[in-house]
Amino acid sequence: MGIRLREPDEHAKAMAADTHIPVMLDRTIELLAPALERPGAVMVDATLGLGGHAEAFLERFPGLAYIGLDRDQNALAHSAQRLVRFGDRITLVHSVYDRIEEVLEELDIRGIAGVLFDLGVSSMQLDRVERGFSYSKDAPLDMRMDDTSPLTAERVLAEYDESELRRIFYQYGEEKLAPRYAKRIVERRATTPLTTSAQLVALIDAATPAALRRAGHPAKRVFQALRIEVNQELASLERALPAALDALEVGGRIVVLAYQSLEDRIVKRELAARSTSTAPRGLPVELPEHAPVFRLLVRGAELADDEERARNSRSAPVRLRAAVKLRAPHPVANKPGARKPRAA
Ligand SMILES: C[S@@+](CC[C@H](N)C(=O)[O-])C[C@H]1O[C@@H](n2cnc3c(N)ncnc32)[C@H](O)[C@@H]1O
91 MGIRLREPDE HAKAMAADTH IPVMLDRTIE LLAPALERPG AVMVDATLGL GGHAEAFLER
151 FPGLAYIGLD RDQNALAHSA QRLVRFGDRI TLVHSVYDRI EEVLEELDIR GIAGVLFDLG
211 VSSMQLDRVE RGFSYSKDAP LDMRMDDTSP LTAERVLAEY DESELRRIFY QYGEEKLAPR
271 YAKRIVERRA TTPLTTSAQL VALIDAATPA ALRRAGHPAK RVFQALRIEV NQELASLERA
331 LPAALDALEV GGRIVVLAYQ SLEDRIVKRE LAARSTSTAP RGLPVELPEH APVFRLLVRG
391 AELADDEERA RNSRSAPVRL RAAVKLRAPH PVANKPGARK PRAA
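Residue numbers (my numbering): 91 to 434.
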């Protein structure tokens, strides 16, 4: 294994392996399989979590070497135990996925056959009341996926100025009442700090006029926004996707499972840019260096089927996108955005 791992704590030990059901598992395997059959193929699981996908891939492809990344040391410790029988076929690394390029360099790996991103939080993180991810359970306002990183939701609420709070609620929560909530938070913290999720839920509840209540709990979008900010989820994905696509060898494949529209938009945009010709408009024949480097493997975004949604509620919002690398990119012609303006 690639790193010295933390001992699993009591919660990780207590978690049965099947409490996190991997989402769209069969479809994910089916889409990545053509790249993984070759002995010695290397796959990167950018979001190892509790190792559900990992275990299935390692069982299905006996020649596969598997690199699992996670920013959460408890998840890594749990997965290390779960996957121990695969011996040196697995390498687990405590890292954010935006460091994928550096991690591969440190492991001296030059090209990978497959990469999987199963975004968001794991069921273990959600179940840990003390992490404060849930608006329905009272806990300290933490929300860190990596409990060694410095920024917590409590600090965001205490330190960000009103306009920054407004921006994150608007952008990351798509919350129309962002100005109202930001103002109330700043008023409140002048006298008493917000330290628990129940205090924040009560404040949001009180600040939401009955006539403006939308579907779902009014705190849901604010909690989503805080989680995205604390973990820098969108910026991290924006850096990681291009690096992962660059790391794929020709014939290599990527699958991404996204659970909220902001993340899915980033995935859609990046895959579309890579699977579009960069030939200047009006050119009668496409030169080979302008041909798309990737081909999309599914039309639009694929959803979990009814049976899976009924069995596993976590799969309800999932959007799956996938692509295969067709050729090595030309250094300049295939840079996303390299399309020249239409000739006059
Ligand atoms: C939905 S879970 C993955 C579940 C996994 N596929 C399984 O079957 O058990 C997502 C995992 O990604 C991790 N994660 C989220 N953002 C990350 C990032 N920027 N870098 C590394 N890991 C991240 C979380 O800590 C979490 O454990």
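Even for Gly, the Cβ is constructed at its ideal location relative to N, Cα and C.
Check, Outcome
"Cβ-Cβ separation, residue 185 to residue 159 (assumed contact under 8 Å), whole Å", "5 Å"
"With 16 other Cβ atoms within 10 Å as the buried cut-off, status of residue 145", "buried"
"Reduced DSSP category for residue 142 - H, G, I as helix; E, B as strand; rest coil", "helix"
"Rounded distance between the beta-carbons of residue 414 and residue 377, thought under 8 Å", "Going by Cβ atoms, the distance from residue 377 to residue 414 rounds to 21 Å, so no, they are not a contact pair."
"Alpha-carbon spacing of residue 112 relative to residue 142, whole angstroms", "5 Å"
"Nearest-angstrom beta carbon gap, residue 338 and residue 202 [assumed within contact, 8 Å]", "6 Å"
"Short Cβ contact (7 Å threshold) for residue 132 with residue 155", "yes"
"For residue 108, three-class secondary structure by DSSP", "With a pLDDT of 44 at residue 108, under the threshold of 50, the predicted position of this residue should be treated as unreliable, though the coordinate-derived value follows. Residue 108 falls in the helix class under three-state DSSP."
"Alpha carbon of residue 106 to alpha carbon of residue 299, nearest angstrom", "Model confidence at residue 106 stands at a pLDDT of 44, short of 50, so the residue's coordinates are unreliable and nothing is read from them."
"Complete alpha helix (DSSP H) runs within the stretch 235–281 (minimum length 4 residues, chain order)", "243–249, 252–263, 268–279"
"Nearest-angstrom Cα separation, counted from residue 205 out to residue 358", "16 Å"
"Ligand 1 heavy atom lying under 6 Å from the CB of residue 110", "yes"
"Environment of residue 108 [buried if 16+ CB atoms lie within 10 Å]", "Here the model assigns residue 108 a pLDDT of 44, short of 50, so the residue's position is not dependable and the matter cannot be decided."
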